[in-house]
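Quick notes on the structure that follows.
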Amino acid sequence: MSNIEEENKKLKAEIAKLIGLVAEPNTFGEEYEKYYTMHIDEFREEYNKIRNKENTLRHISGERERIEKRKRGIICHCDYGMICEACDTR
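Numbered by UniProt numbering, the letters in the sequence shown go through residues 1 to 90 in order.
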C-alpha cells in the first residue's frame with residue numbers, strides 16, 4: 001500500500017471518528033469531551049481540515065495514476081477535453 005493510500009485511510013478514520021463522536025455520546029471518554037464541548041464552528045473547521053487533506057491526497061493520487069497510465073498509453077486525451085485522435089471525439 002502506498003503512503004498516499006495509508007494517509008488517506010488515516011484521514012478517513014479521523015473523519016469517521018469525528019462523526020461518531022457527535023453521533024454517539026459518551027463512547028470515547030476524554031476524546032469525546034474534546035469534540036462534544038467544541039463550538040460547532042470549531043468542529044466544522046476541524047472536520048474541513050481533515051476533508052481538505054483527504055481531497056488533496058486523492059487529487060495527487062489520481063494525477064499520478066493518470067500520468068502512469070498515459071506513459072503506458074492507456075488514457076487518451078479525451079480525459080483532458082482535447083480532441084482525441086484515437087476515437088476522434090472531444
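We put the CB at the ideal spot given by N, CA and C, even for glycine.
What you are looking at is a predicted structure, and each value in this text was computed from that prediction instead of being measured.
Contact test: residue i Cβ vs the ligand SAH heavy atom, cutoff 7 angstroms
i	result
LYS9	This structure lacks the ligand SAH; in fact it carries no ligand of any kind.
Per-residue DSSP class, three states only, for residue i
i	result
SER2	coil
HIS59	helix
TYR44	Strictly speaking, residue 44 in this sequence is Arg, with Tyr absent from that position. The answer is helix: DSSP assigns ARG44 an H, G or I state.
ARG66	helix
ARG51	helix
Supposed contact pair residue j and residue i - C-beta distance, whole angstroms, cut 8 angstroms
i	j	result
ARG58	ASN8	7 angstroms
ILE15	SER61	At roughly 17 angstroms, the Cβ-Cβ gap does not stay under 8 angstroms, so ILE15 and SER61 are not in contact.
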